[in-house]
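What follows is one structure encoded as structure tokens, with my remarks underneath.
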Amino acid sequence: MMRQTIFERYGGFAKVSKVVMSFYDKILSSSLLSPYFAKIDMKRLIDHQTKFISSLMGGPASYTNEHLERVHAHLGITEAAFKESVTLMKETLEDHDFLDEDIQSVGDSMNSTKNYIVAKK
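In the working numbering, the protein residues as written are 100 to 220.
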């Protein structure tokens, strides 16, 4: 029998959607991160982010690394901002009662995308 993915174990898109909403509450409260989102269509972003986080949890893959790079290239995202977003995601998963090993796994998956999201020097 195949092992359930994190995505399946916690209830799929319904749960991830709640996680992403909480995550953005934290992001918009962060003085480091909120400026990146000043002129962003949050409804659209939350939809994209729900799909992205779902894929990091073993759900349906929706974005390639090339796509991630293209959509983040103009934002000038710093290493510090990226780290903060990973920390806030881990806190959010903890708030939603994810197991420590699953939180670590999602954090590792997020970190694996860093080179496509952080601005090139």
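Here a beta-carbon is modelled for each residue, glycine too, at the ideal position from N, C-alpha and C. Owing to the predicted nature of the structure, the values given are computational and were not obtained by experimental measurement.
Just to confirm before moving on: does the CB-CB distance between residue i and residue j stay below 9 Å?
{"i": "isoleucine 139", "j": "serine 116", "result": "no"}
{"i": "glutamate 44", "j": "isoleucine 126", "result": "Nothing about residue 44 can be reported from this structure: the residues present for the chain run from 100 to 220 only."}
{"i": "histidine 195", "j": "serine 121", "result": "yes"}
{"i": "leucine 192", "j": "valine 205", "result": "yes"}
{"i": "tyrosine 123", "j": "glutamine 103", "result": "no"}
{"i": "lysine 219", "j": "glutamate 178", "result": "no"}
{"i": "glycine 111", "j": "serine 161", "result": "no"}
May I have the straight-line CA-CA distance separating residue i from residue j, to the nearest angstrom?
{"i": "serine 211", "j": "phenylalanine 136", "result": "22 Å"}
{"i": "aspartate 201", "j": "isoleucine 105", "result": "7 Å"}
{"i": "leucine 174", "j": "aspartate 199", "result": "31 Å"}
{"i": "glycine 158", "j": "asparagine 164", "result": "16 Å"}
{"i": "glutamine 203", "j": "serine 129", "result": "22 Å"}
Please name the residue in the options whose C-alpha comes closest to that of residue i.
{"i": "arginine 108", "options": "Lys219, Asp199, Met209, Met156", "result": "Met156"}
{"i": "lysine 142", "options": "Glu183, Val119, Leu132", "result": "Val119"}
{"i": "lysine 114", "options": "Ile176, Lys150, Leu131", "result": "Lys150"}
{"i": "methionine 209", "options": "Phe181, Leu132, Glu190", "result": "Phe181"}
Just mark residue i as buried or exposed, buried being the case when its beta carbon has 16 or more other beta carbons within 10 Å.
{"i": "serine 184", "result": "buried"}
Complete runs of the alpha helix (DSSP H) confined to the stretch 111-179 [at least 4 residues]: Runs of the alpha helix (DSSP H) inside the stretch 111-179: 111-128, 141-155, 164-171.
Beta strand (DSSP E) runs wholly inside the stretch 184-220, at least 3 long, in chain order: Scanning the stretch 184-220 from its first residue to its last, no whole beta strand (DSSP E) run of 3-plus residues comes out.
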